[in-house]
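K.L.:
Heads up: the sequence shown begins at 6 in our numbering, then just goes up one per residue.
This is the structure I have questions about; it appears just below.
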Amino acid sequence: MNPAPAGEILISSDDLSKRVADLGAQISRDYAGKDLVMVGVLRGAVVFIADLLRSLDMSCEIDFMAVSSYGSSSDSSGVVRILKDLDDSITGRDVLIVEDIVDSGLTLNYLMRNLRARDPGSLEVCALLTKPERRRVDVPIRYTGFEIPNTFVVGYGLDHAQQYRHLPFVAELPEDVVPGPGAV
Ligand code: IMP
Ligand code: MG
6 MNPAPAGEIL ISSDDLSKRV ADLGAQISRD YAGKDLVMVG VLRGAVVFIA DLLRSLDMSC
66 EIDFMAVSSY GSSSDSSGVV RILKDLDDSI TGRDVLIVED IVDSGLTLNY LMRNLRARDP
126 GSLEVCALLT KPERRRVDVP IRYTGFEIPN TFVVGYGLDH AQQYRHLPFV AELPEDVVPG
186 PGAV
């Protein structure tokens with residue numbers, strides 16, 4: 006597939022780097038001396054977690070989960086299935102979920118309930134993007150990169166139909182491309 010060029014750039018590569026550096030500094034201060042495990046949510050958070058990890062002033066572990074929503078990629082159903090679970094135990098550890106974007110909040114709400122049941126020492130969320138207008142369930146996000154309007158975005162790891170993840174910026178989806186069914 007050779008998708009249409011992305012639409013208008015919402016967040017430039019430069020702005021992403023600066024914000025990720027700030028988040029990394031803040032997380033390093035907050036978690037100094039703690040047993041931090043960053044849990045990346047596949048696949049959209051891969052680019053973000055890779056940059057965030059390199060912006061930390063401390064060592065930490067990373068682990069990954071993959072989940073899929075039974076809804077379409079543009080409208081989450083809240084029914085979430087675990088496709089890949091964590092490799093290691095998080096009991097008693099300081100866990101930071103790293104997400105690409107929080108839309109309705111349903112996916113994150115499910116993930117938080119699931120991980121909380123494993124008795125971590127602490128559980129927080131770092132999301133690169135959030136669309137507050139779309140929220141259907143209130144989820145506490147400790148670290149937010151950018152708030153964006155109610156528009157479908159791609160790039161910096163975020164996809165439409167598994168395309169556009171390579172873009173070094175965040176852009177709106179081209180107007181002639183309508184979000185279709187797909188995994189989260
Ligand atoms: P939620 O359960 O509605 O919060 O959906 C969250 C998931 O939907 C995110 O982790 C993304 O994978 C996907 N998603 C939501 N909005 C967008 C978007 O604008 N672009 C790409 N993926 C999105
Ligand atoms: Mg996602």
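Yeah, the Cβ is synthetic: ideal placement off N, Cα and C, and Gly gets one too.
Small disclaimer: the values here were computed from a predicted structure and weren't measured.
1) Return the Cβ separation of L133 and I106 in integer angstroms, given the expectation that the two are a contact with Cβ distance under 8 Å.
2) Which word fits C131, buried or exposed, when buried means at least 16 other C-beta atoms lie within 10 angstroms of its C-beta?
3) I need the boundaries of the alpha helix (DSSP H) containing K89, first residue and last residue.
4) Less than 8 Å between the CB atoms is what I'm expecting for M43 and L58, so what's the real figure, rounded?
5) Cα separation between M207 and P179?
6) If you drop the 5 nearest sequence neighbours on each side, which residues of the same chain put their C-beta closer than 6 Å to that of R170?
7) DSSP three-state call for Q168: helix, strand or coil?
8) Under 6 Å Cβ to Cβ from V103, same chain only, skipping five residues before and after it: list those, please.
P.N.:
For this structure:
1) About 7 Å separates the Cβ atoms of L133 and I106, confirming a contact at the 8 Å cut-off.
2) buried
3) From DSSP, K89 is part of no alpha helix (DSSP H) but of the beta strand (DSSP E) over V85 to K89.
4) 7 Å
5) Only positions 6 to 189 of the chain appear in the structure, and residue 207 is not among them; the question remains open.
6) G162 and D164
7) In the structure shown, Q168 sits in a strand (DSSP, three-state: E or B).
8) M43, G45, A50, I54 and C131
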